[in-house]
Amino acid sequence: MWSRRQSHLRRVACGVEELRCRRREQEAALRKARREQQLVSKRLLRESPEEAAGEGAAAVLGEAEIQQFLRLAQRGTDEKEREKALVSLRRGLQHLETQQTFIWMEGSMRILVGLLTCNRALLQLEAARCLHELSHSEQSAVAEACLPATSYLLIYLSGHSSDFIELCLYTLGNLIVESEAVRRHLLPQGIVPALASCIQSPHVAVLEAVGYTLSQLLQAKEAPEKIIPHILDSTLLQHMLQLMQPGPKLNPGVAVEFAWSLHYIICSQVNNALLITHGALSTLVLLLLDLAEVVQRTEDVGLELLACPVIRCLSNLLAEVATEDVGGQMELRDERIVAALFILLEFFLQKQPSLLPEGLWLLNNLTANSPTLCTSLLSLDLIEPLLQLLSLSNVVTVLVLTVLCNVAEKGPAYCQQLWPGPLLPCLLNTVALSDTDVVGQSLELLQLLFLYQPEAAQAFLQLSGLQALERHQEEVQLQDRVHAVQQTALHC
1 MWSRRQSHLR RVACGVEELR CRRREQEAAL RKARREQQLV SKRLLRESPE
51 EAAGEGAAAV LGEAEIQQFL RLAQRGTDEK EREKALVSLR RGLQHLETQQ
101 TFIWMEGSMR ILVGLLTCNR ALLQLEAARC LHELSHSEQS AVAEACLPAT
151 SYLLIYLSGH SSDFIELCLY TLGNLIVESE AVRRHLLPQG IVPALASCIQ
201 SPHVAVLEAV GYTLSQLLQA KEAPEKIIPH ILDSTLLQHM LQLMQPGPKL
251 NPGVAVEFAW SLHYIICSQV NNALLITHGA LSTLVLLLLD LAEVVQRTED
301 VGLELLACPV IRCLSNLLAE VATEDVGGQM ELRDERIVAA LFILLEFFLQ
351 KQPSLLPEGL WLLNNLTANS PTLCTSLLSL DLIEPLLQLL SLSNVVTVLV
401 LTVLCNVAEK GPAYCQQLWP GPLLPCLLNT VALSDTDVVG QSLELLQLLF
451 LYQPEAAQAF LQLSGLQALE RHQEEVQLQD RVHAVQQTAL HC
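The sequence shown begins at 1 in UniProt numbering and counts up one residue at a time.
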């Protein structure tokens, strides 16, 4: 859900506004793709590191072996034997072939649900673990076969064992993301109120599992219409934001899960004004500042796991509301947010370059409507660090140029501070590239610079800038913009 840079310039030449409109259409398509390409994953809890690595898995079980283990689990001579049979079945269910055999066997799921609901705690736990293995299957048919068990898993969320609640939550989360039938079944049965109750648990493992299950639920295609309104009507949002507040009680694992959940809610655009009213912007800004401080103290590469959803949440909220219009949200006028973002950009550059575009999109949305934050970029001498990113990739280059356009369009005083300096030689290099998006954004920045700082146009002519433009005169997408820049440079 990336946002566009909003332009407030007058039409300066024939065709320029039309090209900008086309650019906005392309960016709308980008946002749509971003929203649709959501993270779909499943979690698997296993008893030991060996099992987690697949080393504890039994061989593939046939129908006769499955029947034998189910019979022993039901009617074994003692509880130990019954539990051992379920353990053997669970390990066999780590194989897809066993899973498929199990779900097509008549009565197998009914027996497993019976064991899940029996009055023996150890048998209940092992039956739940069998369901958890099934929930992790890559086959949607396996997930739907677990439907009869989901009502009981939901009921057990109100139990007393935090380990059992955690297991039920992850199993439900795996099933929810796979099957619309499971979601249709659980919504009227009260999964949202159940999660709102679990989110008040004192156990960190349960809180992380709640965040995971919620994020899985929010990725459903029907979430904007059928799920998110119920979540916004519950107490979940308030508790989510509390658990994302920076401070000694902040747990990174919990914060990551709820940051992704918040990201999906924001992307739905159901009621982002309500999120802002509840303090989502303030929480996210404070968390961003905190992350920048932590980055300066530690080499922990895992920090990007939280930084990524936090930055996306902020970017997408700011796409809907002009920074200067957020009244009392003074954090958004504070130059510390720009400084913090550059600390994170440097961290991404060194440790996780793929996240650079995320940070630059946030910088774009921060500066698009805020002269205050554009001033911060200049007063903190951050233009040259931005220019140093130009050679990394075409995507990064376009984003850097877009941010610089945000600064330049604020008027003569801003362009005066952009000039003189390394900006013009850098633009001559980007104009020489073949990527249409890069060249188009370079031309827009040149046009702004020439309009507000005519000396830059004279220097451009002296550096053979017109010759650099000539190679793009025949490109349909660039013709009008090239002509506009040429005319402006010659008449300054």
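Beta carbons: idealized from backbone N, C-alpha and C, even for Gly.
Per DSSP, the continuous alpha helix (DSSP H) segment holding Thr372 begins and ends at 371-379.
In the structure shown, Asn364 adopts helical secondary structure according to DSSP, grouped into three states. In this model, Gln238 and His278 are separated by some 7 angstroms (Cα to Cα). Annotation for Tyr152: Leu116, Thr117 place their beta carbon closer than 6 angstroms to its own, counting only its chain and skipping 5 residues before and after.
When Cβ pairs closer than 8 angstroms are counted between the two stretches, the segment 282-297 is seen not to touch the segment 222-239, the count staying below three. Judged by DSSP in its simplified three-state form, Leu286 adopts helix. Counting the other Cβ atoms within 10 Å of the Cβ of Leu356 gives 16 or more, which makes it buried. Distance from the CA of Val395 to the CA of Phe348, rounded to the nearest whole angstrom, comes to 15 angstroms. Gly440: member of the alpha helix (DSSP H) spanning 436-452, first to last residue.
Within its own chain, the residues whose Cβ lies closer than 7 angstroms to the Cβ of Leu433, once the five positions on either side in sequence are excluded, are Val439, listed in chain order. Annotated three-state conformation of Gln242 is helix, per DSSP.
In this structure, Leu318 keeps its C-beta atom at 8 angstroms or more from the C-beta atom of Asn271.
Secondary structure at Val210: helix, using DSSP grouped into helix, strand and coil. Annotated as distal: Gln216 and Ile266, with beta-carbon spacing of 8 angstroms or more. As the crow flies, the alpha-carbon of Leu289 is around 14 angstroms from that of Ala280. In the three-state scheme derived from DSSP, where H, G and I count as helix and E and B as strand, Asp163 is classed as helix. In terms of Cα proximity to Ser88, the closest of Thr101, Ile66, Met105, Gln99 is Ile66. The residue among Leu428, Ser201, Ala368 with its C-alpha nearest the C-alpha of Leu404 is Ala368. In chain order, Leu286, Leu287, Asp290 place their CB closer than 7 angstroms to the CB of Pro246, counting only its own chain and leaving out the 5 sequence neighbours on each side. Going by DSSP, Gly114 is part of the alpha helix (DSSP H) stretching over 108-116. Judged by pairs of C-beta atoms under 8 angstroms, the segment 76-85 does not touch the segment 196-204, as fewer than three such pairs exist.
DSSP places Glu222 in the coil class of the three-state scheme, outside both helix and strand. Sorting Leu399, Leu250, Ile165, Pro148 by C-alpha distance to the C-alpha of Leu363 places Leu399 at the top. Assigned with DSSP and collapsed to three states, Asp334 falls in coil, not helix or strand. By the Cβ-count criterion, His263 is buried, with 16 or more other Cβ atoms from all chains shown falling within 10 Å of its own Cβ. If you check the CB distance, Leu387 and Leu423 come in under 8 angstroms.
Counting along the chain, Lys84 sits inside the alpha helix (DSSP H) bounded by residues 79-92. Only residues of its own chain outside the window of five on either side were considered, and among them Thr101 have a CB closer than 8 angstroms to the CB of Gly62, listed in chain order.
If you look at Arg312, you'll find it in the alpha helix (DSSP H) that goes 304-318. Residue burial is scored here from C-beta neighbours: Arg120 has fewer than 16 other C-beta atoms within 10 angstroms and is therefore classed as exposed. When the Cα atoms are used, Ser354 and Thr298 turn out to be separated by approximately 20 angstroms. Around the beta-carbon of Pro309, 16 or more other beta-carbon atoms lie within 10 Å, marking it buried.
In this structure, Arg43 places its C-beta atom within 8 angstroms of the C-beta atom of Gly173.
Counting only residues of its own chain and dropping the five nearest sequence neighbours on each side, Val256 has a CB closer than 8 angstroms to the CB of Gly211, Leu305, Leu306, Pro309. Just so you know, the alpha carbons of Asn316 and Gln124 end up roughly 43 angstroms apart. Looking at Cys313, Gln479, Ile343, the one whose alpha-carbon comes closest to that of Glu470 is Gln479.
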